[in-house]
Amino acid sequence: MAYAAAGSEPAGGIAGWATDLMDTLGAPGAGLAIALENLFPPLPSEVILPLAGFTAAQGGMSLAAALIWTTAGSVLGALVLYGIGALIGRDRIRALVARLPLVKLSDLDRTEAWFARHGAKAVFFGRMIPIFRSLISVPAGVERMRMTTFLIYTGLGSLLWNTTFVLAGYGLGDNWRTVEEYVGVYSKGVLALAVLGAAVFVAVRIVKARRDAADRRADDERRAGRHRVETREVVRDRTF
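Numbering (the numbering used here), first residue to last: -10 to 229.
Below, the structure is given as structure tokens:
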């Protein structure tokens, strides 16, 4: 490949694997790599997309082909996840949630109501949030979002995300890995917020569960106290 001469060809890891795909298949290889990245989120798009842009800058593929194929790969991967969500279905999700500790079906009801109102926006913006950019397709499938709507918003969100990073790799040239460093900070920030949100949710639910249990014990003790008083009164009445 053209950029091998510049001494910038990735030697191994995810970048080396993606490079091999692009060497073998050209632009469709970049699309395949991104499709797999959607299905296996640990594969980082912030490596694959700038590398595709760098490859285009070095003449390995056209810039238009890089954008078209990576976006097609994103949509294909999202469609697979949509299908998985549709196969799981709403009934199975509700049955699973009913068995989870600290989670209530009312939480799922609120989530479903929110998704019914904002699902299109969630899919569009979700395509630009690390971690969630793949996962957002699953609830869309569970809720059976209209396929046309899903494809339009998935395609637009993916095109915007992909264009940003492909162009960054195209413009940065040998420094294309700089994109990975900055997006890595963004990804870690998103992950930290997600973990924090989950921790707060669990903490609030544990506190509420303990408070409810204490209230139930207090109610039981009050009922038991009333029962003892009533029993003593009955015994006294019978005695007299």
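Built from N, CA and C at the ideal position, the CB exists for glycine as well.
Given the structure is predicted, the values throughout are model-derived calculations rather than measurements.
Check, Outcome
"Reducing DSSP to helix, strand and coil, say where Ser51 ends up.", "coil"
"With burial defined as no fewer than 16 other Cβ atoms inside 10 Å of the residue's Cβ, what is the status of Ser126: buried or exposed?", "buried"
"Check whether the Cβ atoms of Ile120 and Leu180 sit closer than 9 Å, and answer yes or no.", "yes"
"By alpha-carbon positions, which one of Thr143, Asp96, Arg99 ends up nearest to Val112?", "Thr143"
"Whole angstroms are fine: how far does the CA of Ala54 sit from the CA of Ala(-9)?", "Legend: pLDDT at Ala(-9) = 41, less than 50; position of this residue unreliable, value from coordinates given subsequently. Going from the Cα of Ala(-9) to the Cα of Ala54 covers about 17 Å."
"Here's the rule I'm using: 16 or more other beta-carbon atoms within 10 Å means buried, otherwise exposed. How should Leu10 be labelled?", "buried"
"Classify Arg116: buried if its beta carbon has 16 or more other beta carbons within 10 angstroms, exposed otherwise.", "buried"
"Looking at Gly42 and Val155, is the spacing between their C-beta atoms short of 9 Å?", "yes"
"Spatial neighbours of Gly158 within its chain, please: CB distance less than 7 Å, with the 5 preceding and 5 following residues excluded, ordered by chain position.", "Leu38, Pro39, Leu40, Ala41, Gly42, Phe43, Trp165, Val168"
"Counting C-beta neighbours from all protein chains within 10 Å, is the total for Ala84 16 or more, i.e. buried, or is it exposed?", "exposed"
"Within 8 Å, do at least three Cβ pairs link the stretch 20 to 28 to the stretch 50 to 69?", "yes"
"How do the stretch 98 to 109 and the stretch 128 to 147 stand: do at least 3 beta-carbon pairs fall below 8 Å, yes or no?", "yes"
"For my contact list, Gly5 and Trp58 are in at a C-beta cut-off of 8 Å; report their separation, rounded to the angstrom.", "Actually they do not touch by this definition, with Cβ atoms about 19 Å apart."
"Can you check which of these residues, Ala22, Gln47, Ala46, is closest to Glu35 by C-alpha distance?", "Ala22"
"From the DSSP output, in three-state form, read off Pro119 for me.", "coil"
"How long is the line joining the alpha carbons of Val196 and Lys93, rounded to whole angstroms?", "15 Å"
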